[in-house]
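Everything on this sheet refers to the single structure shown next.
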Amino acid sequence: RCAGRVEVQHDGRWGTVCDDDWGLPDAAVVCRQLGCGAALAAPPGAWFGEGSGPIWLNGLRCRGTEERLVLCRHRGWRPHVCAHEEDSSAVCSGGLQRVGGHPHPWLPGVAPVLTPASPPGAPTMRLVGAAGRCAGRLEIFHDGRWGTVCDDLWGLPDAAVVCRQLGCG
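In terms of our numbering, the numbers along the sequence shown are unbroken and rise by one, the last being 178.
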């Protein structure tokens, strides 16, 4: 799906984008760059859960017509003083188109990604501790913290739900 927390890769590390000054024109650029249609919303306040790592961009001021996020005005590529509770998000109208497992790898510069969205009311989840976003230990974000899931009675049907929810097949 084309909705989730906006993340960008810089200097070989993935990080997030602060939601200071974040709005529909910024989300429109992300949606366009990812081939996800039009921007429907630009939810503030880590709507799709808090990210981790550096917060690479802050104060984005896209006009909404740029072809790539890196062409928008911003406060510079560096870790910013912004908490992950302010991670930006985008909700786009279309479905994510991928080539070789990466969104638009042929575009020069930094291509953003959208972390998969959880269904409304569902907890935010992630897989950690392995290569790629579709393998690893399951963690759930609840009550402001990440925690693990006990494997008692865990089985393939449970894993299939997680994979579907994370957009991993």
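Ideal Cβ positions, reconstructed from N, Cα and C, are used throughout, including at glycine. All of these numbers come straight from a predicted model, not from anything done at the bench.
In this structure, the beta-carbon distance from Arg14 to Gly60 falls below 9 Å. Scanning the stretch 45-112 from its first residue to its last, the whole beta strand (DSSP E) runs of 3-plus residues come out as 48-50, 64-66, 98-101. With respect to Asp35, Pro53 sits apart: the two C-beta atoms are not nearer than 9 Å. Counting along the chain, Leu175 sits inside no beta strand (DSSP E), nor does DSSP assign it H or E at all.
Take the alpha-carbon of Asp167 and the one of Thr157: they are about 14 Å apart. DSSP, read as helix, strand or coil, puts Arg41 in helix. Per DSSP, the unbroken beta strand (DSSP E) holding Val17 starts and ends at 12-19.
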